[in-house]
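Novice:
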Amino acid sequence: MKPSRLFPMPIHSILLFAVWLLLNNTLAPGHILLGGFLAIAIPRLVAGLSTEQPSVKKPGLALRYCLLVLWDILTANFEVAVKVAGPMKKIRPGMVAVPLDIKSELGITLFASTISLTPGTVSAEISEDKRWLYVHALDVENEHALIQEVKQRYEAPLKEILGC
Amino acid sequence: MASWVEIIVACFLLLGGIFMFVGSLGLVRLPDLYTRLHGPTKATTLGIAGILLASSIMFSIKNGGLSVHEWLITLFLLITAPVTANMLAKTALHHDVKMLSRSRGHELMEPARHRYGPEGASENTKSGTESNNSKLP
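Chains A and B are the protein sequences, given in the same order. Plus 5 on top of the position in the first sequence (first one is 1) and you've got the working numbering. Plus 70 on top of the position in the second sequence (first one is 1) and you've got the working numbering.
Now the structure itself:
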């Protein structure tokens, strides 16, 4: 979709319109009118602040990635539940540094958020040069295996989706 | 309302409740700040999702039509939960909160705090002036 004068950020406009109607849980003409006004006015106000972001190159793969993450969140919940209920002496927490291959900020944000949402890992900090992501894990058996797993499972598809 | 709907709603409520409880249990039981972060980010997402799903089914059938508020709440939670976890971890790091003594990777705490790469602080010191925005006084 090409940005125009009326819609400088077309995807954001559609999202704003949809979210407004969803939040109000209605299709009344008044709300459609107000939602339409907001969908045009807000992007026009903030368009100057937006920075260039990579676009989604492979929507099919993006959908598969979302499903994979949802599935992992589900299993992560069970894993963490078992660990939390079990004896505390058995957990082996630790900090690992994951080398980043993704360059774009959007990619790194998505990668870090995915890590925080999935099995026993929380992303804590990123190095200044954006080449290392520090991740805290609830139960580390093997640092190297953990790093390889998150890189293959999440970073590789993200890189392909964003094409960077 | 048909009883099978009530059973499904009750099942989702129960599932949600169990996971919310486990998340809170994690907050009480886990030994240090960094491990405690794992409770709320994981268990509560599924806990809230279960309760919201129950609410969505209940009101979709009761009022007719589709109740979609709940899906939005779930979406916003999924977007914001990692951000809060990340900010808490960041703050703890910069305040020099120690990890549990038997944790691995203690040597990574110092570079992480200064946002260097793990291979050593020396090669990155030149970027120190640009990093004011991320360092706490």
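For every residue, glycine included, the Cβ atom is placed at its ideal position computed from N, Cα and C.
#1: Given that HIS141/A touches chain B, what residues does it touch there, using C-beta distances under 9 Å?
#2: Using the beta-carbon count (16 or more within 10 Å), is PHE210/B buried or exposed?
#3: In the DSSP assignment, the beta strand (DSSP E) including GLY135/B goes from what residue to what residue?
#4: Given this structure, state the Cα-to-Cα distance separating HIS149/A from HIS164/B, to the nearest angstrom.
#5: Look at MET117/A and LEU138/A and say whether their C-beta atoms are less than 8 Å apart.
#6: Under 8 Å, Cβ to Cβ, is there at least one residue of chain B near ILE152/A?
#7: Going along chain B, which residues have a C-beta under 7 Å from TRP137/A?
#8: Rounded to a whole number of angstroms, what is the C-alpha to C-alpha distance between LEU39/A and GLY120/B?
#9: Within the continuous beta strand (DSSP E) that includes ILE131/A, where are the two ends?
#10: In terms of residue numbering, what span does the alpha helix (DSSP H) encompassing VAL5/A cover?
#11: For PRO15/A, return the contacting residues in chain B, with the cut-off set at a CB-CB distance below 9 Å.
#12: Is ALA72/B close to chain A? Criterion is C-beta to C-beta, closer than 8 Å.
#13: Give me the subset of the stretch 27-59 of chain A whose CB atoms are less than 8 Å from a CB atom of chain B, sorted by chain position.
#14: Are any of the Cβ atoms in chain B nearer than 8 Å to that of VAL155/A?
#15: Assess contact between the stretch 128-137 of chain B and the stretch 85-96 of chain B, defined as three or more Cβ pairs (one per stretch) separated by less than 8 Å. Is contact present?
#16: Less than 6 Å between C-beta atoms, sequence neighbours within five positions excluded: which residues of the same chain meet that for LYS156/A?
#17: Contact criterion: CB-CB distance below 8 Å. Does ILE78/A meet it with respect to chain B?
#18: Could you work out which residues of chain A lie near PHE89/B, taking near to mean beta carbons separated by less than 8 Å?
#19: Checking 8 Å against the spacing of the C-beta atoms, do GLY99/A and SER173/B come in under that value?
#20: Our contact map puts LEU116/B next to ASN82/A with C-beta atoms below 8 Å; I'd like the distance itself, whole angstroms only.
#21: With ASN29/A and VAL138/B assumed to form a contact (beta carbons below 8 Å), what rounded beta-carbon distance in angstroms separates them?
#22: Please list, in chain order, the chain A residues whose beta carbon lies closer than 8 Å to that of GLY134/B.
#23: Between LYS108/A and ILE96/A, which are expected to be in contact by the criterion C-beta below 8 Å, what is the C-beta distance as a whole number of angstroms?
#24: One question on the structure: do THR105/B and PRO152/B come within less than 8 Å of each other, judged by their Cβ atoms?
#25: Beta strand (DSSP E) containing LEU138/A: first to last residue?
#26: Just how far apart, CA to CA, sit PRO15/A and ASP77/A?
#27: Check the Cβ-Cβ distances between GLY99/A and every residue of chain B, and say whether any is below 8 Å.
#28: Name the chain B residues that come within less than 7 Å of VAL4/A, Cβ to Cβ?
#29: What three-state label does DSSP hand GLY99/A in the structure shown?
#30: Would you kindly report the start and end of the unbroken alpha helix (DSSP H) that includes ASN29/A?
Specialist: Reading off the structure:
#1: TYR104, THR105, LEU107, HIS108, ALA159, MET169, SER173, GLY175
#2: Outside the shown range of chain B (71 to 207) lies residue 210/B, about which nothing can therefore be said.
#3: Element bounds for GLY135/B: n/a, residue is neither H nor E.
#4: One Cα belongs to HIS149/A, the other to HIS164/B, and the distance between them is close to 26 Å.
#5: One detail in the question is off: residue 117/A reads as Ala in this sequence, not Met. Cβ atoms of ALA117/A and LEU138/A: closer than 8 Å.
#6: no
#7: GLY187, PRO188
#8: 32 Å
#9: 126-131
#10: An answer regarding residue 5/A cannot be provided, because it is not within the stretch 6 to 169 covered by chain A.
#11: Simply none; closest approach about 20 Å.
#12: no
#13: LEU27, LEU28, ASN30
#14: no
#15: Touching, no.
#16: none
#17: yes
#18: Below the 8 Å Cβ cutoff, chain A contributes ASN82, ALA86 as neighbours of PHE89/B, in chain order.
#19: It is a contact, given that the beta carbons lie within the stated cut-off.
#20: Right, the Cβ-Cβ distance comes to about 4 Å (below 8 Å), so this counts as a contact.
#21: The C-beta distance from ASN29/A to VAL138/B rounds to 10 Å, too long to fall under 8 Å, and the pair is not in contact.
#22: The premise fails here: GLY134/B is roughly 12 Å from chain A at the closest Cβ pair, so nothing lies under 8 Å.
#23: With a Cβ gap of about 34 Å, LYS108/A and ILE96/A do not count as contacting.
#24: no
#25: Counting along the chain, the beta strand (DSSP E) containing LEU138/A begins and ends at 137-142.
#26: 32 Å
#27: yes
#28: The structure shown does not extend to residue 4/A, since chain A spans only 6 to 169, so no value can be given for it.
#29: Under the three-state reduction of DSSP, GLY99/A is assigned to strand.
#30: From DSSP, the alpha helix (DSSP H) with ASN29/A extends over 15-29.
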